[in-house]
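Colleague: Residue numbers for the sequence shown follow the UniProt record's numbering, beginning at 1 and rising by one. Here it is: the structure, laid out below.
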Amino acid sequence: MPRRIALPPAFLRAPIAHRALHDRAQGRVENSPAAIQAALDHGYAIEIDLQLSADGVAMVFHDETLDRLTAETGPVTARSAADLGRIGLTGGADTIPTLTQVLDQVAGRVPLLIEIKDQSLVMGPTDGRLEAATAQALQGYAGPVAVMSFNPAAIAHMARLAPELPRGLTTAAYDAESWHPLPEAACAHFRAIPDYDLLGCSFISHEAADLGRDRVAHLRAQGAAILCWTIRSPAEEAAARKVAQNVTFEGYLSPLPA
1 MPRRIALPPA FLRAPIAHRA LHDRAQGRVE NSPAAIQAAL DHGYAIEIDL QLSADGVAMV
61 FHDETLDRLT AETGPVTARS AADLGRIGLT GGADTIPTLT QVLDQVAGRV PLLIEIKDQS
121 LVMGPTDGRL EAATAQALQG YAGPVAVMSF NPAAIAHMAR LAPELPRGLT TAAYDAESWH
181 PLPEAACAHF RAIPDYDLLG CSFISHEAAD LGRDRVAHLR AQGAAILCWT IRSPAEEAAA
241 RKVAQNVTFE GYLSPLPA
């Protein structure tokens with residue numbers, strides 16, 4: 001069983017800006033350098049997402065396809081890192097950054113929470129290429145950083161490739177309708193968060209509306225750090241903080257600790 005690495009206390013202080021402090025009306029697209037800079041300027045921790053380029057580079061981008069966030073179409077994995085780096089993000093002046101570029105920009109100034117997106121698209125085994133690219137980019141990074149994924153297979157790769165990094169699972173209620181076409185049996189499996197100890201995790205980031213689940217309380221009682229996603233108002237934040245030790249937020253400015 002992999003050794004459990006504690007989540008640094010810094011992750012439980014400043015609220016975590018979801019996909020950085022994005023606001024398209026202000027030209028700050030999600031996961032963009034502009035959104036990352038805004039989070040840095042405010043002193044927020046930052047959550048980002050990773051997808052893989054065709055040539056094996058970890059790219060900071062949420063979706064599997066380019067369609068929603070750019071004027072291009074098709075899968076991210078069909079384009080090289082150089083090609084992706086030339087694609088503009090709709091609504092802003094930025095292009096798609098690499099993880100290395102973001103690490104250079106953040107430079108350890110705030111905690112960085114990295115979500116490795118499921119490359120199998122069915123929450124199954126992955127080939128480990130994105131995880132290997134992530135581990136390579138993070139070698140020598142000195143700031144507070146942690147990795148997580150909905151897919152336990154991705155975290156199993158990270159436990160092997162970068163055992164010194166704090167690891168967690170992104171978790172949810174896994175209602176069958178929202179997660180279609182994931183089979184109900186798979187939803188029930190992941191809903192129980194069975195892989196937490198097997199992977200040496202030290203935290204979860206759980207769906208905010210499902211924080212009342214007994215399994216979440218059980219994990220917190222055994223010492224797991226409880227984060228949550230995605231909070232969109234002060235009222236939602238107040239409710240979530242009755243269970244969660246920190247929130248991942250967007251659409252408003254979460255109050256910073258005094």
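Heads up, the beta-carbon is just placed ideally off N, CA and C, and yes, glycines get one too. From a predicted model like this one, the values you see are computed outputs, not experimental measurements.
Restricting to runs no shorter than 3 residues, where is the beta strand (DSSP E) found entirely within the segment 37 to 71?
Modeller: If we require 3 residues or more, the beta strand (DSSP E) runs fully inside the segment 37 to 71 come out as 45 to 52 and 58 to 60.
Colleague: With Ile-226 and His-206 assumed to form a contact (beta carbons below 8 angstroms), what rounded beta-carbon distance in angstroms separates them?
Modeller: Here the question's residue 226 lines up with position 226 in the sequence shown. Here the question's residue 206 lines up with position 206 in the sequence shown. With a Cβ gap of about 7 angstroms, Ile-226 and His-206 count as contacting.
Colleague: Given a cut-off of 8 angstroms, decide if Ala-173 and Arg-191 are closer than it, judged by their beta-carbon atoms.
Modeller: Residue 191 sits at position 191 when you count from the first residue of the sequence shown. Residue 173 sits at position 173 when you count from the first residue of the sequence shown. Contact flag set, yes.
Colleague: Classify Thr-95 as helix, strand or coil using the three-state DSSP reduction.
Modeller: Stepping through the sequence shown from its first residue, residue 95 is reached at position 95. Strand at Thr-95.
Colleague: Could you check what DSSP says for Glu-207 in three-state terms: helix, strand or coil?
Modeller: Looking up residue 207 in the sequence shown gives position 207. Glu-207: strand per DSSP, three-state reduction.
Colleague: Arg-220 by DSSP, collapsed to three states: which one?
Modeller: Translated into the one-based positions of the sequence shown, residue 220 becomes position 220. Looking at Arg-220 - three-state DSSP - the assignment turns out to be helix.
Colleague: Would a check of beta-carbon distances place Leu-84 closer than 8 angstroms to chain C?
Modeller: As a matter of chain content, chain C is missing from the structure shown, which is built from one protein chain.
Colleague: With 16 other CB atoms within 10 Å as the buried threshold, where does Gly-45 fall?
Modeller: As a working note, residue 45 is residue 45 in the sequence shown. In the sequence as presented, Gly is not what sits at residue 45; that position holds Ala. With 16 or more other Cβ atoms within 10 Å, it is buried.
Colleague: Thinking C-beta only, is Thr-170 closer than 8 angstroms to His-18?
Modeller: Position 18 of the sequence shown holds residue 18. Position 170 of the sequence shown holds residue 170. No, these two residues do not count as a Cβ contact at 8 angstroms.
Colleague: Check whether the Cβ atoms of Met-59 and Ile-96 sit closer than 8 angstroms, and answer yes or no.
Modeller: Along the sequence shown, read from residue 1 onward, the residue named residue 59 stands at position 59. Along the sequence shown, read from residue 1 onward, the residue named residue 96 stands at position 96. Cβ distance < 8 angstroms, so Met-59 and Ile-96 count as in contact.
Colleague: Can you tell me whether Pro-75 is helix, strand or coil according to DSSP?
Modeller: As a working note, residue 75 is residue 75 in the sequence shown. Three-state DSSP puts Pro-75 in a strand.
Colleague: Closer than 8 angstroms by C-beta to Leu-130: which residues in its own chain qualify, once you throw out the five before and the five after it? Chain order, please.
Modeller: Stepping through the sequence shown from its first residue, residue 130 is reached at position 130. The residues are Leu-50, Gln-51, Leu-52, Ala-58, Ile-116, Lys-117, Gln-119 and Ala-154.
Colleague: Is it buried or exposed, Asp-55, if we count other Cβ atoms within 10 angstroms and call 16 or more buried?
Modeller: Here residue 55 refers to the residue found at position 55 of the sequence shown. Burial call: exposed.
Colleague: Helix, strand or coil for Ala-258? Go by DSSP, reduced to three states.
Modeller: Your numbering for residue 258 matches position 258 in the sequence shown. Of the three classes helix, strand and coil, the one that applies to Ala-258 here is coil, per DSSP.
Colleague: Whose C-alpha, out of Leu-165, Leu-138 and Pro-183, is nearest the C-alpha of Cys-201?
Modeller: Residue mapping note: residue 201 aligns to position 201 of the sequence shown, counting from 1. When each option's Cα is compared against that of Cys-201, the closest is Leu-165.
Colleague: For Glu-237, count neighbouring C-beta atoms within 10 Å of its own C-beta (all shown protein chains included) and say buried if the count is 16 or more, exposed if not.
Modeller: Your numbering for residue 237 matches position 237 in the sequence shown. Glu-237 comes out buried.
Colleague: When the Cα of Gly-143 is compared with those of Phe-11, Pro-2, His-189 and Gln-245, which residue comes out closest?
Modeller: As a first step, residue 143 is located in the sequence shown; it is residue number 143 there, counting from the start. For Gly-143, the nearest C-alpha among the options comes from Phe-11.
Colleague: With a CB to CB cut of under 7 angstroms and the five nearest residues on each side skipped, what residues in its chain are close to Thr-100?
Modeller: Here residue 100 corresponds to residue number 100 of the sequence shown, with the count starting at 1. So the qualifying residues of the chain are Ala-137.
Colleague: For Ala-182, tell me which candidate among Ser-233, Pro-234 and Val-122 has the shortest Cα-Cα distance.
Modeller: Mapped onto the sequence shown, residue 182 falls at position 182. Correcting the residue type first, residue 182 is Leu in the shown sequence and not Ala. With distances taken between Cα atoms, Leu-182 lies closest to Val-122.
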